[in-house]
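Mapped onto mature numbering (1 follows the signal peptide of the UniProt record, and there is no 0), the consecutive letters of the sequence shown carry residue numbers -23 to -1, 1 to 135.
For every residue, glycine included, the Cβ atom is placed at its ideal position computed from N, Cα and C.
Predicted model, so just to flag it, every value in this text is computed and none were measured.
Reviewing the structure listed below.
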Amino acid sequence: MVKLLIPLYSLAFLACANPPTLADFFQKPDRVEVYRARIDPTPDTPPTEDTRPRVGMAVFTVKGQDLTPEELKELAASWTSPENTPKKGRMMCTFNPDMALRFWRGDTWVDVVVCFGCGEQNFYDAKKQSLAAGRLTNFALLHRIADKNKFPRKKDDF
């Protein structure tokens, strides 16, 4: 029995010692959930009965279909790391979230909130902290995912 416990403790230690990297989340996710994202009208004090996911200024209002293996592969190929993502100038649009993607690795995730108006993307870890996480460059795929999930284009439906 003791011989069995030592390897189990070793595996638990290794799992804690090597958390997933950004590349793991974006290039080898276990799954990716898709949500419609909107401006959160109650960012500081959401109603206690409202359990929808929230990050930054966004609330995830509708859950769509998880990405297919083909979509995962295509999206993974479009990710650029923070080191390889050129700096962009300030956009003339106010960030208005349209869609969110939740990239899962094990029991943790990274969220990407996308604004189709200005093309910006905000990244957050599972603790809702903002991340410099690079960029997903295939906007045609992001639009196809939104269209597949029938996310409306109107800004006034919450």
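| Query | Result |
| --- | --- |
| Considering only C-alpha positions, which residue in the set 92, 102, 77 is nearest to residue 84? | 102 |
| For the beta strand (DSSP E) that residue 15 lies in, which residues bound it at each end? | 8 to 16 |
| Leaving out five residues on either side along the sequence, give the residues of the same chain with a beta carbon under 8 Å from the beta carbon of residue 128. | 13, 39, 41, 75, 76 |
| In the DSSP assignment, find the unbroken beta strand (DSSP E) run with residue 78 in it and report its ends. | 76 to 82 |
| Given a cut-off of 8 Å on the beta-carbon distance, is the pair residue 81 and residue 6 in contact? | yes |
| Between the region 109 to 123 and the region 93 to 100, do at least 3 Cβ pairs fall closer than 8 Å? | yes |
| Report the residue from 26, 33, 18 whose alpha carbon sits nearest the alpha carbon of residue 87. | 33 |
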